[in-house]
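Protein chains in written order, with my numbering: chain A, 1 to 539; chain B, 1001 to 1436.
All C-beta atoms, glycine included, are put in the ideal place defined by N, C-alpha and C.
Some notes on the structure that comes next.
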Amino acid sequence: MKIQKNLFFVFLIAALLVQVPTSKADVGPTYAIINCKIVPVTSPAIEKGVIIIRNGLIESLGPKEKVAIPEDAEIIEAEGLIAYPGLISAHTSLFLEPPKEEPPTPMIVPTETQEVKKGMNSDLFAFKLLKPKKSTIESYQRIGVTTVLVAPERGIFAGQSVLLNLNGEKAEAMIIKNPVALHINFATERQAYPSSLMGTMALLKQSFLDADYYSLCQAQFAKAPNGIKRLEYDPFLEALLPYAKEKKPIIFTCNNLEDIKRALRLIDKFKLNALLSGANEAWRVADILKKTKIPLLVTLNFKPPFTSIYINQGEELKEKAEKEIYPANTSNLYKEGIKFALTSYGLTEASSILKNIQSAVKAGLPKEEAIKALTINPAQFLGVNQILGSLEPGKIANVILTSGEVFEEKTQVEKVFVDGILFKIEKPPKEAKPSALNIAGSWKATISGPMGEMEMTVEIEQEGNEIRGFISSSFGKWEIRDGVLSGNDLSFTLAATIMGETMEMNFSGKAEKDTIEGTIAFAGGKAELRATRVPKGTN
Amino acid sequence: MIGSLIFIFIISLGVLPGFSKGADLLIKNGIILTVTKGTLPKGDILILGGIIKQIGENIQAPQGVKVIDASGKYVVPGIIDSHTHIALTGTNESGAAITSEVDMREVLNAEDPSIYNALTGGATMVHTMHGSANPIGGQNITLKLKWGKTSEDMIVPEALRTLKFALGENAKQANMPSLTAARRYPMSRMGVNAIIRRELLKAKNYMQQWDRYLEAKKSKKPPKNLIPPRKDLRMEALAELLRGKMVARCHGYRADEILEFVKLSKELGFKIACFEHASEAFKIAKELAAEGIGISVFLDSWAYKVEASEGIAYNAAYCAQKGILVSINSDGGERMRHLFNDAAKAMKYGGLSEEEALKLITINPAIQLGVDKIVGSLEVGKHGDVAIFNEHPLSAYTRCEMTIIEGETYFDRAQYLKEREEMEKRLKDQKKKGEI
C-alpha cells in the first residue's frame, strides 16, 4: 500500500509539472461590420452604418456611404442588427478567489490595550486574486457586458480594484487599468476591532489622520534624517498614501442613506477624491447629492437595506418597497438631474442584471439614460472615457450587436467584440433540473488511476442543485467547488493542494442514493472515482 | 397588517429632508402641569416658531395658527429619557476595552421604529448612548424624537457632551462566559478601575506632549526637526473629558465601585454628571448628594443581575428626598413608552408628591443633560415640547393622546386611529373585489 501511495503521489506531482504551452497574443483580423444601425451614445444614431475594427480598436465608423471598407477586412453582415458600445459594469466582485480566511483569532488582550484590528486590506490588489471563469464571461457577454470593474469585497479597507475587458481567460490580457480605486466599506469585523459601525467610523478617521502623520514624518525624514527617529514601516499606510495624500480615487460602498452621509462627511473632512457605489437609497438624499456632484455608481440590486423605514412596517409595504419604491431609485435621480452609472454590484447572476435594468426602465428611467449609465458615464467616472464608453474612432473595439433595441424582452445579443476579438453568443446552457436526489453526507471514496489506488473520505453539502464539500486524505483537505447535481449527473471541481501547489481536477459522473461513480480529469491524465455512502452512526 | 397601517401615518409625515424652524400652535383649555411653576387648572399655551411665547388663560389665536382643544386633558412637558440606546445602528464597540474614540453621532438611525413608539408614550427627547460593555465606551448623543425628519435634524446641539463609562459585571464581561475564547482584560472590578486610571493617565501624558509641542512651535527659536505628536482620536476624547468639555455618565450598580469611581474622578480631575442604574445609591445617598452627582435609575426593577440584587423600589424616591438629582430611564425602547407609569411608582414607593414624581421624567433629566434652559418644563421661552394625556399622567389609566415637539405634532392618537380605520376599510374593499 505504501509503495502504491508513493507512486500515486509522484504521479500527481508529475501531472502538476506538465506545462500547457500558452499562445502569444495574436493580432486579430480586421473587421468591417456593415449595414447595421449604430448607436455611438456620444453622437446621434446612424441608421445604416459601417464600423471598421483594426488592431483591437475602432478605426472608423459612419454612414454606409461615407466609410470605405478596407480590402483586408473580414465582412460581418449585420443587417437588422443594432451596434452599441459594450456595456460597462463599474462595480463587481467577479472572478475573485478570496485570500485564505484566517479563522477568527480569539481575542487575546493581556493587559495592554492593543486590540486586534482587522479589515485593513488597503494593500490587497484585486488583480492578484483573479481567476477568470469562461462560463461567467459568457453569461456577461450574453447580456452585452464587455467591461467590468472588479473590487475585493471583504473588510473595511477592502482593497484596490482593477478594470477588465472580458476578452478571454488570461487575466493580464484583460486588464485595462490597474489599480483603479481604493474601496472602502462601512463594514464591521467579528471578534476583532472594530466590531461596530461607530468603531469603523473611528477607524476610518484615525487611518486618514495616520496617513497624514506618516507622510509628514516621511517627508521630514527624507529631508534631513539625521536626528530624527525613523517611523516604523507600515504597509497599510503605505498603500493608503496615494489615496489619502495624492487624492487618487476612493470608492465608498453605501448601503443606505446614512452610509451616504457618513461617506460625505469623511470626504469633506479629509478632502478625498471619491465616488459612491451601491447608493440604493440615493434618491432619499438627492438634495445633498445634487450639491456635492459626487459621481454615483448606483447598483441595480434594488434591495431595501435592513435599516429602511419601508421594510419593518408590515409585509405589504415591504413588497411595495422591493417591487416599486427601490427600483425607482434611478428614475428619481434622473428627475433630479443627477448623473450616475449603473453597476451590477451585489447581483451574481447575469440574468438578474438584465431583469433589473428592465425594471429600472419600467419604473421611469428613460432607456437612453440607462444606456449612458452603462457606457459613457462609467467610463467618465473611472477616467477611461478616452478609450471606452462609446463608439468613436480610436476607442477600444468593444461592440455589441443586438437583434433589437437593447434591454427589450425579446432582444438577443448576437455578437460581441471585446478588444476587437469576435465572440459568437450561444444559447444559455440548459438549466440544471432540480434534483430529487440528496447526496449530502459522508462518503468513503477510492480514486484509482494508472498508478494505483487511494482512499479518501468525502463530506458533501447540498443546497438544491449546488454541491459543496471536502475530500480528506493523507494529503489534507481538498475543497469541492462548483458542484452541480442535475438528476443523476454529478460534476464538480476539486481544488487539490499538494505540497503547497494547487491543481484543479474536474469530476464528472453519476450519483445514486448511496453510490457515486465517475471520472476525475486533470492535466496529464485521469482517474476513476468510486464512492459509497457511510451509513449514519458509524465512524 | 397593523404595520402597514402605521406606514400610512408615517409616510404621510414623510421622510422630509431639511431642518424644522419650529411651528406655530395654540393649545387651549388644558390642565397645564408646568412642573416648575405650578399647575393651571384651565389654561392655554401659545407656541410660535417652536418656542413657548405665552402660558395663561384665554389666549387669542393669532392669524393662521393651528388650534388644539385640550379640554379636560392634561398638558405636560415632553418626557425626557436620560438613558437609552434607540435610534442607533450599533450599541457596543466590544472589540476593545477602551473605545472613547467612537462617537454615536456617526451611527444615527432616524428610521428606527422605536422613535415612533416612544412618541406614543409622550417622550420628546432622549439621551441615546453607547452600551456598557466597556470600562470606557463612546461619546453619546442627545436627540429630539422628530420622527420623519433627518437624523441631523434630531440632534440637540445645546446638550452636554457625554462620555460613557461602565463599571461592574458588564464591563468585566462577567455574563459572557466563553470556554474557548481568551478573555479580554479587565476581568475584575479592580481591573476596571485600573484600566480607566491607566488610560486617563495616558491621556494626561498625551496632553502634555501636545502642550510641549505647541509651546516649542510658538517659541522664538523652534527646534529644527519639530514634528507634532501623532493625533490619536482615543486620547483626544479623553483629553476633552479632562479639560471639562465632556462629562462622564457612568453605569454602575454597587455602592463600593461607585464611591471608588468618584474618588478616581477627583484624583484625575473630571466631572461625573450621573451614575446609571445605581441600585445601591440609597446606601451612599449622603456622599452622592455632597458631590452633586445625579442618578438615572429604574423604579421597581432589580435583582436581574447579581450586582443589582440589593436594589430596592424606594431607591429613586429616597435619593430624591436626600437632595440627589434623580431621573428615571428606560435603557431601551420598551420602557420608554410608559415612563410616566414608572414615575408614578415613586409616589407609592417613597411618597414623592405628584410634582416631584413628574420631575423625575422632565426637568431632572433636562438638568442632567444640560438642556434645562430649553426643555423639561412648560415655561415661556422654552421649546414647545409638549405631551397631552387623557388622564393625569401619573394615573394608572392615562394614555398619551398627542406628542408635540417645537410646536409640530409628531404623534396624534385620534388621527392615527382614524387612518387605521380607513386603511382597514380599504383592505376589506380590496378583498371583496378580489384584488388581494
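Proximity test, Cβ basis, 8 Å: residue i and chain C
i	result
asparagine 332 of chain A	Absent here is chain C; the protein component of the structure consists of chains A and B.
Contacts that residue i makes with chain B (C-beta to C-beta distance below 7 Å)
i	result
arginine 262 of chain A	Glu1106
leucine 216 of chain A	Ile1227
tyrosine 193 of chain A	Gly1095 and Ala1096
glutamine 160 of chain A	Those do not exist, as glutamine 160 of chain A stays about 25 Å from chain B at its closest Cβ, beyond 7 Å.
Neighbour flag for residue i against chain B, beta carbons, 8 Å
i	result
glutamate 258 of chain A	yes
methionine 198 of chain A	yes
cysteine 254 of chain A	no
alanine 202 of chain A	yes
valine 413 of chain A	no
glutamate 115 of chain A	yes
isoleucine 220 of chain A	The sequence shown places glutamine at residue 220 of chain A, rather than the isoleucine named in the question. Glutamine 220 of chain A counts as touching chain B.
asparagine 329 of chain A	no
isoleucine 309 of chain A	yes
asparagine 312 of chain A	yes
Three-state class that DSSP yields for residue i in the structure shown
i	result
isoleucine 46 of chain A	strand
isoleucine 1008 of chain B	Note on isoleucine 1008 of chain B: pLDDT 44, under 50, position unreliable in the model; the coordinate value appears next. If DSSP states are grouped into helix, strand and coil, isoleucine 1008 of chain B belongs with the helices.
serine 1301 of chain B	coil
tryptophan 1210 of chain B	helix
leucine 1352 of chain B	coil
histidine 1392 of chain B	coil
glutamate 405 of chain A	coil
leucine 272 of chain A	coil
asparagine 356 of chain A	helix
tyrosine 1410 of chain B	strand
proline 99 of chain A	coil
glycine 1294 of chain B	strand
histidine 1083 of chain B	strand
Contact list for residue i against chain B, beta-carbon separation under 9 Å
i	result
glycine 227 of chain A	Lys1224 and Asn1225
Under 7 Å by beta carbon: chain A residues contacting residue i
i	result
lysine 1021 of chain B	Here the premise fails: no neighbours, minimum Cβ distance about 17 Å.
glycine 1138 of chain B	Met198
asparagine 1109 of chain B	Glu258 and Thr307
Sequence-distant residues of its chain with Cβ nearer than 7 Å to residue i (five each side left out)
i	result
alanine 1159 of chain B	Thr1142, Leu1369, Gly1370 and Val1371
alanine 282 of chain A	Ile260, Leu289, Leu296, Val298, Asn329 and Leu333
alanine 1061 of chain B	Leu1026 and Val1067
lysine 1217 of chain B	Leu1226
lysine 245 of chain A	Ala211 and Ser215
Chain-ordered neighbours of residue i on chain A, where CB pairs are closer than 9 Å
i	result
lysine 1231 of chain B	Gln206, Leu209, Asp210, Asp212 and Tyr213
Within-8 Å CB hit, residue i to chain A
i	result
leucine 1096 of chain B	This sequence places alanine at residue 1096 of chain B; leucine is not what is there. True, the Cβ-Cβ gap to chain A drops below 8 Å.
proline 1113 of chain B	yes
glycine 1090 of chain B	yes
threonine 1142 of chain B	no
threonine 1099 of chain B	yes
serine 1309 of chain B	no
aspartate 1429 of chain B	no
valine 1192 of chain B	no
serine 1151 of chain B	yes
arginine 1420 of chain B	no
valine 1126 of chain B	no
aspartate 1103 of chain B	yes
Nearest-angstrom beta carbon gap, residue j and residue i [assumed within contact, 8 Å]
i	j	result
glycine 49 of chain A	glycine 28 of chain A	Their Cβ separation, rounded to whole angstroms, is 21 Å, which puts glycine 49 of chain A and glycine 28 of chain A out of contact at 8 Å.
isoleucine 1155 of chain B	proline 1365 of chain B	Not really, about 17 Å apart at Cβ, beyond 8 Å.
methionine 456 of chain A	isoleucine 467 of chain A	The pair is not a contact, with the Cβ atoms about 16 Å apart (cut-off 8 Å).
alanine 83 of chain A	tyrosine 31 of chain A	The pair is not a contact, with the Cβ atoms about 12 Å apart (cut-off 8 Å).
tryptophan 1210 of chain B	tyrosine 1410 of chain B	Going by Cβ atoms, the distance from tryptophan 1210 of chain B to tyrosine 1410 of chain B rounds to 44 Å, so no, they are not a contact pair.
alanine 1133 of chain B	alanine 1110 of chain B	No, alanine 1133 of chain B and alanine 1110 of chain B are not in contact; Cβ-Cβ is about 24 Å, not under 8 Å.
leucine 1288 of chain B	isoleucine 1324 of chain B	5 Å
Beta-carbon neighbours of residue i, restricted to chain B and to distances below 8 Å
i	result
isoleucine 294 of chain A	Result: empty, since nearest Cβ-Cβ is about 17 Å, beyond 8 Å.
alanine 224 of chain A	Lys1224 and Asn1225
Under 8 Å by beta carbon: chain A residues contacting residue i
i	result
threonine 1084 of chain B	Near threonine 1084 of chain B there are no residues of chain A at all, since even the closest Cβ is about 16 Å away, more than 8 Å.
Cut-off 6 Å between Cβ atoms - residues of its own chain near residue i, not counting five sequence neighbours on either side
i	result
lysine 1431 of chain B	none
Own chain, CB closer than 8 Å to residue i, minus 5 neighbours either side, in chain order
i	result
aspartate 1024 of chain B	Ile1047, Leu1048, Gly1049, Pro1062, Gly1064, Val1065, Lys1066 and Gly1407
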